[in-house]
Structures are given as structure tokens and as C-alpha cells.
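Q:
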DNA sequence: ACCTGTTATGCTCTGTTTGAGTATATATCT
DNA sequence: AGATATATACTCAAACAGAGCATAACAGGT
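Chains as they are written, first to last, in the numbering used here: chain A, 1 to 319; chain B, 320 to 638.
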């Protein structure tokens, strides 16, 4: 275990920095013309930083001028091939993925960083208006093919079940939390172009299923979305994305934006209020039309009262 | 980012390998006389292994002769100080923690590895018989002191709430999933000897709260227990720890062993059966006393039927 | 002033899930 | 047979979740 031993690697820290603007959940990506987008990432310097997270906070602060509120470690990826090496490079890069939430206040971004709606990378994940057309038109047939071309019968069986669990079926509904499972399925089926790039499969499909990202960044982003969609339900993390005061509908829209599904308005209100997550301010907004809505604020005290307070999802059935 | 750059680290893979024997949830630890126990761990060799997990599987297989069933990544720790360096060592060790489940079949262990009940390291986590005495006798007073010695009033407030959320209070119950939160609290309060060792605090307490482990291994184990206690509820991972057939009471005892709480027998049965997690085999055991119980087996098909099948906990109130 | 469209908010109704307990069945041991 | 011990079936009420109706408060047009 010395500096120059064979076990040596460098650690890359990648962050999915999330913010919601105008009902659109967005990530900060490094965008260069002609190349795939990538998540902001930098090396971990073991000499300068006490912890991985502090390392992340520092260089994100330096590069993006953002002050990250909530930060959570997602997963550590070590797959060879997922991170392409420059020729001559020898060190293996292990990347630690992070999820960070911010309010998108500072306007000055790093030169080549921009905010992008995350559904650009995962068009099949946004069920707010309706079931995304791409599922029935593209993904469905392609996955049917994936099942059909299985080497043997039991493999086909497994694939069929996996498709059903991921994208729903007659008896089984859409689970908005299975973001990673779906992405991995599409990856293995060769339906996202990353798989071809990584040399996994050459079905010749090369379907334009969502925008591609560098390295394994789309996988990290999928992990981030999945984690956020889940965590929201038992931890009041949404409020990291909200202004100091907001109407209940604005809160609902944010939750819907993240989870990608529509919620039942009255029940959403009931859950949020009954849990003591918010308190009225007595002030009201003045909308262009309709009855004014009261402005609420986050009740920090819930953290002390309830063991696991969060925004439970009261789904709205298709009408 | 070259081999000898300043960003270079080595990666240590640590595994909490869990098995349940005789109602006692156990981990495989490396035990050397005179030294603290440690989790089996080894370096990750980027040249030999394609992924972190395959690296882990290989050396665990080599060293312990165990065939790991379920393996899950827990967390990546990079804290300086948590991993003590030998003098002259320069490289920073980042450790990736894993949870693995096994049935403890192979009897031949590695020379210095032994199975140890995990409550030896976390005596306050076993509420099966009753609230552990150590909580009221030792932890409670010590934490009261921790609150009292806070530098200022708002800090005291925060500490008090944290203690309440972790260990319960008048209005708030015991949450068996908060294993990590509790350990971290005790660590920060200087109540586990690791904190003194790591130079964090010198309250002079040095209470013998549970057995110490090397490096940050007790933290990794706490993470493992917490994850397993949670995951069990929505994924049928318990069955990785069960023999091919078992009675419902045996299953319940295993779940209780892991979660550290008693469950309501009739409701447990109802949940497990209604979810379709098990199916009767038609065979019965012949107990020394009492009515024979039917032997059940795990229904693998649930994985295809239900979106998130797991053993919900039907708690048994203190009677 | 009244009607219409629009959003906010309050409340009901119902079926399901959960928590707790009672009742009954089938063993062994004395 | 009776006592004891465990297994299994069933009941009942409280809590919760899903769906929808009803009413309130605003703007703008008639």
C-alpha cells in the first residue's frame, strides 16, 4: 500500500446538482459544443480534504459559485470501461456520485455550465401530462425485441418480467422510483447509445433515447433522481428547492416535477398539513386569475417532532 | 491524474458479512488476541478486477471460503483519521463498505475469522427481550450530560432534539432503523471509545459501550445493520439468510433478530402470507412440544408479481 | 349586480391497511 | 383426561389512502 503500488487509483467526485425552475427539474451540466454533456466532476485530493464530501463542496463552490444546501452520497462506481481513459493513462478512476440540492440563486455560473431539464436525458420518466409517447412507440417494441432475442427460454422469461416490473404492465403500475432499474435495463438492451459506446452491445438499434452523457454520468443522474424521488417521501428535502415562502400548489408542482407524476390536489394538501410540514404565513399571493392562495413556509420543527416527515405522494388517477 | 500524482489513493473494500444463527445476527470478523476486531477487508486491485463488487467477491471468496449470496454497496468513507496509517505510509485509504448476506454453510473459516453476534458491538440495539438496560443506566445519563455541556443554548437545543429522535422520548418511539444515527451520536458525544482513539474528544468518559472495532469498521457495521433493517421491509432479502424450508416462526425469529424488536405473531403471518412471500410445502416439523408447524418456502415468483415485496414489520407492543 | 371561469380550500365517503386481541386446533407430557 | 405449548384462523376498531363533491374568493365581462 504505497503511493506507487499497483493498487493505486484516483477518485473522481461527480455531482448531480439539482434545482427546480419553472416546474422543470434541472441539473447543472458541463456543456461543450460537439461533445456529450457531463456532470461537474473533479478529482478528490486526499491531502487537501478531510472527507470526500468536503472535497466535493470545495471544488463545486470554486467552479460553480453555488452554495450547496443538501448533499448526499449516492454510489461509488468502479467499472472499467465506464470511464474512458486517455491513451497512456494508467490509473483507474473510481467515481463517487453525489446528489446535491440548491436553490439556484447565484446567477453567475461557471463558463461552460448550464442548467438543463433532466427529462431531456430521461424522456420516459415524465408522466405529468400523460404516459410519454416514447414508451409505447419506441421503448415497448424495442424491449419486446430484447425479450424475443434472448438466447434461451428462461432468459426470455427473466427479461419479460424485468420489463414488466420496470415499465409496468396490465396488473402492475408505474413505479416512479425505479429510475435506475429502467436505465440499466435500457442500457443492457442496447437502447441507450452509451451501451454501444462502452462496447457492450451492437444491436444496431442506436435509438435516440434521451440525450447521451459522458462516462457513466447518465447512470449517476439516474441514481440521483431515484434517490431524490424516494427520499422526498420520508425526509423534507423538497424544501431545499423551495423559496422561503410558497403556495401549496407551488410546492405540489415541485414535488410533481421531481417525481414525474401528477398528484391529487386536495389529498396532497391534507398530507402536507396533517404532517405539520408547513405553516401558513397569513400572507397571500395575488394571482392573475383565481382565488389568492395563502403563502406557507417550511416548519423546521417537524424535524424534531416526527421521526420521518416527508411528502407522501397522493397520486392522481388519470381522469 | 497520473499514477504518482498527488490525487492518488488506495481503496479498501470492507465487508459486513452477515448471517443469522440461533436467533443471533452475526458478522464475520477478523479476531486477533489483544487487538480490536475488524471486518474482513482488502485492497481493491484496479488491474485485476472489473468492478468494485467483483473485487470484493474475489478476495472474500479466497479468504473466507464463503459464497456470498446478496451483496450491496453501503457507503464510501474517506475521512482522514478514521483509518490510521502506519508510520511512513503516505497514501490515503478510502474505504468502500459492503453488506453481504450468506447462509453460513461452509464450516471452514479463514484462520482468524470468527462469527460474532452483532449486538456485542451495539448492545443498545437489541430490544427483543426488553429495552436494553444500558440505555437508561449508562447512555441516558451520559447523553444528558452531553446536552448539558453544550457550548451555548441553541446547541443544547439541537443536541436534546437529536438525542430524543435517536433514542426516543415521551412522544416519540424507538425507530429500529436509526442505527447509524445513534452510533454517530454516541461517537460525537465521546461515548464509544473509537472517538477517543481518533482524537475527537476527551471527555474522560471512556465508557465501555459495546466492543470496539478497528478503523471505522463499527461505523460500517452500523450502516450495514441500518440498511438491512430497512431493506428487509421492501425487498425479500431475509430469505438469503433462511434455509430452503422453514416455519413461519423461524422466519419471524430471524426478522426479529435483525430488526431487534418483537413482532406480533398473527399479524406477521398475515402480512407474509398476504404478500405471497411464502408458500406451504405441505410438510410439517415435529417440535418437542406444541402443535407442529407447517414448513414454508420462499416464493421466488413474488419478485415478478409485486413491485416491492418485503417483510413489513408488525410490531408487538410491550405487554 | 350577476354570471362565468379559475384557483383555493374544506369536508365527506369508502375501501384498505394496520394494530391488537380472541378463539380454536393440534401436538406433548403427566 | 387435563395441563401446557405452539400454530393458525378470525374479528373488530382505528388509522389511512383514494376519489370526489361543495363551497369560497378572486377577475373580467355583461
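Ideal Cβ positions, reconstructed from N, Cα and C, are used throughout, including at glycine. Just so you know, these numbers come straight off a predicted model, no measurement behind them.
Within 10 angstroms of the Cβ of residue 256(A), are there 16 or more other Cβ atoms? Answer buried if so, exposed if not.
A: Along the first chain, read from residue 1 onward, the residue named residue 256(A) stands at position 256. The residue in question, residue 256(A), is buried, as its Cβ has 16 or more Cβ neighbours within 10 Å.
Q: Do you know offhand how far residue 465(B)'s Cα is from residue 453(B)'s?
A: Locating residue 465(B) in the second chain gives position 146, where the first residue counts as 1. Locating residue 453(B) in the second chain gives position 134, where the first residue counts as 1. Cα to Cα, the separation comes out at about 16 angstroms.
Q: Only counting runs of 3 or more residues, tell me where the beta strand (DSSP E) segments fall wholly within the region 595–637 of chain B, in order along the chain.
A: Counting only runs of 3 or more, we get 597–603, 613–617.
Q: Measuring only between beta-carbons, confirm whether residue 151(A) sits less than 7 angstroms from chain B.
A: Counted from its first residue, the first chain places residue 151(A) at position 151. No, residue 151(A) lies away from the interface with chain B (no Cβ there is under 7 angstroms from its Cβ).
Q: Please report the straight-line C-alpha distance between residue 368(B) and residue 331(B), rounded to a whole angstrom.
A: Within the second chain, numbered from 1, the residue matching residue 368(B) stands at position 49. Within the second chain, numbered from 1, the residue matching residue 331(B) stands at position 12. Roughly 13 angstroms between the two C-alpha positions.
Q: Got a sec, what are the start and stop residues for the alpha helix (DSSP H) residue 12(A) sits in?
A: Position 12 of the first chain, counting from 1, holds the residue named residue 12(A). Per DSSP, residue 12(A) belongs to no alpha helix (DSSP H); it is in the beta strand (DSSP E), 8–21.
Q: Figure out for me which residue from 343(B), 435(B), 336(B) has the closest Cα to the Cα of residue 531(B).
A: Walking along the second chain from the start, residue 531(B) turns up at place 212. When each option's Cα is compared against that of residue 531(B), the closest is 435(B).
Q: Determine the direct distance from the alpha carbon of residue 121(A) to that of residue 85(A), and round the result to whole angstroms.
A: Position 85 of the first chain, counted from the start, is the residue given in the question as residue 85(A). Position 121 of the first chain, counted from the start, is the residue given in the question as residue 121(A). Per-residue confidence for residue 85(A) stands at a pLDDT of 49, beneath the threshold of 50, marking its modelled position as unreliable; no derived number is given.
Q: So, with DSSP's three-state summary, where would you put residue 553(B)?
A: As a working note, residue 553(B) is residue 234 in the second chain. Reduced to three states, the DSSP call for residue 553(B) is coil.
Q: Could you tell me if residue 287(A) is buried or exposed, where buried requires 16 or more neighbouring beta carbons within 10 angstroms of its beta carbon?
A: Numbered from 1 along the first chain, position 287 holds the residue referred to as residue 287(A). Exposure of residue 287(A) is indicated by the presence of fewer than 16 other C-beta atoms within 10 angstroms of its C-beta.
Q: With a 10 Å radius around its C-beta and 16 neighbouring C-beta atoms as the bar for buried, classify residue 129(A) as buried or exposed.
A: As a working mapping, residue 129(A) is identified with position 129 in the first chain. Flag for residue 129(A) reads exposed.
Q: Would you please state the rounded distance, in angstroms, between the beta carbons of residue 544(B) and residue 437(B)? I believe it to be under 8 angstroms.
A: Along the second chain, read from residue 1 onward, the residue named residue 544(B) stands at position 225. Along the second chain, read from residue 1 onward, the residue named residue 437(B) stands at position 118. The Cβ separation is near 6 angstroms, so the contact holds.
Q: Using only CA atoms, which one of 231(A), 197(A), 208(A) lies nearest to residue 326(A)?
A: Only positions 1 to 319 of chain A appear in the structure, and residue 326(A) is not among them; the question remains open.
Q: Please report the straight-line C-alpha distance between residue 113(A) and residue 223(A), rounded to a whole angstrom.
A: Here residue 113(A) is taken as the residue at index 113 of the first chain, counted from 1. Here residue 223(A) is taken as the residue at index 223 of the first chain, counted from 1. Their backbone Cα atoms lie some 21 angstroms apart in a straight line.
Q: Does the distance from the C-beta atom of residue 579(B) to that of residue 496(B) stay below 7 angstroms?
A: Position 260 of the second chain, counted from the start, is the residue given in the question as residue 579(B). Position 177 of the second chain, counted from the start, is the residue given in the question as residue 496(B). No, they are not a contact pair.
Q: Following the continuous alpha helix (DSSP H) through residue 573(B), name the residue where it begins and the one where it ends.
A: Here residue 573(B) refers to the residue found at position 254 when the second chain is read from its first residue. From DSSP, the alpha helix (DSSP H) with residue 573(B) extends over 567–578.
Q: Buried or exposed: where does residue 30(A) fall if 16 or more other Cβ atoms within 10 Å of its Cβ makes it buried?
A: The residue you call residue 30(A) lines up with position 30 of the first chain. Buried, because 16 or more other Cβ atoms sit within 10 Å of the Cβ of residue 30(A).
Q: On the premise that residue 268(A) lies in contact with residue 314(A), defined as a C-beta separation below 8 angstroms, what is that separation, rounded to the nearest angstrom?
A: On the first chain, position 314 is the one that residue 314(A) refers to. On the first chain, position 268 is the one that residue 268(A) refers to. 5 angstroms between Cβ atoms; contact.
Q: Would residue 467(B) be called buried (16 or more neighbouring beta carbons within 10 Å of its own) or exposed?
A: Counted from its first residue, the second chain places residue 467(B) at position 148. The residue is exposed, with fewer than 16 neighbouring Cβ atoms inside 10 Å.
Q: Exposed or buried, which one is residue 87(A) when buried takes at least 16 other CB atoms within 10 Å?
A: Reading the first chain from its first residue, position 87 is the one you call residue 87(A). Reliability of the predicted coordinates at residue 87(A) is poor, the pLDDT of 47 falling under 50, and no value is obtained from them.
Q: Please work out which residues of its chain come closer than 7 angstroms, Cβ to Cβ, to residue 123(A), disregarding the five sequence neighbours upstream and downstream, and give them in chain order.
A: Locating residue 123(A) in the first chain gives position 123, counting from the first residue. So the list reads 132, 134, 210, once near-sequence residues are dropped.
Q: Can you confirm whether the region 65–79 of chain A touches the region 96–105 of chain A when touching is taken to mean that 3 or more C-beta pairs between the two stretches lie within less than 8 angstroms?
A: As far as the Cβ criterion goes, the region 96–105 of chain A touches the region 65–79 of chain A, which means the pair count is three or higher.
Q: Give me, in chain order, the residues of the same chain whose beta-carbon lies closer than 8 angstroms to that of residue 523(B); leave out the 5 immediate sequence neighbours on both sides.
A: Counted from its first residue, the second chain places residue 523(B) at position 204. In this prediction, residue 523(B) has a pLDDT of 48, which is less than 50 and means its spatial position is unreliable; nothing more can be read from the coordinates.
Q: Pair every Cβ in the region 295–303 of chain A with every Cβ in the region 237–245 of chain A, then say whether three or more of these pairs are closer than 8 angstroms.
A: yes
Q: For residue 356(B), name the three-state secondary structure that DSSP assigns.
A: Counting from 1 along the second chain, the entry for residue 356(B) is found at position 37. Of the three classes helix, strand and coil, the one that applies to residue 356(B) here is strand, per DSSP.
Q: Would you say residue 31(A) lies against chain B (beta-carbon separation less than 7 angstroms)?
A: One-based indexing of the first chain puts residue 31(A) at position 31. Cβ-Cβ to chain B under 7 angstroms: no for residue 31(A).
Q: In this structure, does DSSP put residue 123(A) in helix, strand or coil?
A: On the first chain, position 123 is the one that residue 123(A) refers to. It is helical.
Q: Can you name, in chain order, every residue of its own chain whose Cβ lies under 6 angstroms from the Cβ of residue 611(B), other than the five neighbours on each side?
A: As a working mapping, residue 611(B) is identified with position 292 in the second chain. Excluding positions up to five away in sequence, the list reads 603, 604, 605.
Q: Leaving out five residues on either side along the sequence, give the residues of the same chain with a beta carbon under 8 angstroms from the beta carbon of residue 600(B).
A: Translated into the one-based positions of the second chain, residue 600(B) becomes position 281. So the qualifying residues of the chain are 564, 613, 614, 615, 616.
Q: Alpha carbon to alpha carbon, how far is residue 572(B) from residue 344(B)? Give it in angstroms, no decimals.
A: In the second chain, counting from the first residue as 1, residue 344(B) sits at position 25. In the second chain, counting from the first residue as 1, residue 572(B) sits at position 253. Approximately 10 angstroms, taken between the alpha carbons.
Q: Using alpha carbons as the reference points, say which of 550(B), 582(B), 597(B), 329(B) lies closest to residue 412(B).
A: Sequence index remark: in the second chain, residue 412(B) carries index 93 (1-based). With distances taken between Cα atoms, residue 412(B) lies closest to 329(B).
Q: Give the secondary structure of residue 419(B) by DSSP, where H, G and I count as helix, E and B as strand, and everything else as coil.
A: As a first step, residue 419(B) is located in the second chain; it is residue number 100 there, counting from the start. In the structure shown, the three-state DSSP call for residue 419(B) is strand.
Q: Distance cutoff 7 angstroms, beta carbons only. Does residue 216(A) sit that close to anything in chain B?
A: As a first step, residue 216(A) is located in the first chain; it is residue number 216 there, counting from the start. So no, residue 216(A) is outside the interface.
Q: According to a CB-to-CB cut-off of less than 7 angstroms, which residues of the region 38–49 of chain A neighbour chain B?
A: 43, 44, 45, 46, 47
Q: So residue 365(B) is in the alpha helix (DSSP H); what residue range does that whole segment cover?
A: For the purposes of this step, residue 365(B) is identified with residue 46 of the second chain, where counting begins at 1. Residue 365(B) -> no alpha helix (DSSP H), and no H or E assigned at all.
Q: Which full runs of the alpha helix (DSSP H) of 4+ residues lie inside the region 464–517 of chain B, going along the chain?
A: Counting only runs of 4+ residues, the alpha helix (DSSP H) found wholly inside the region 464–517 of chain B occupies 472–486, 498–507, 512–516, in chain order.
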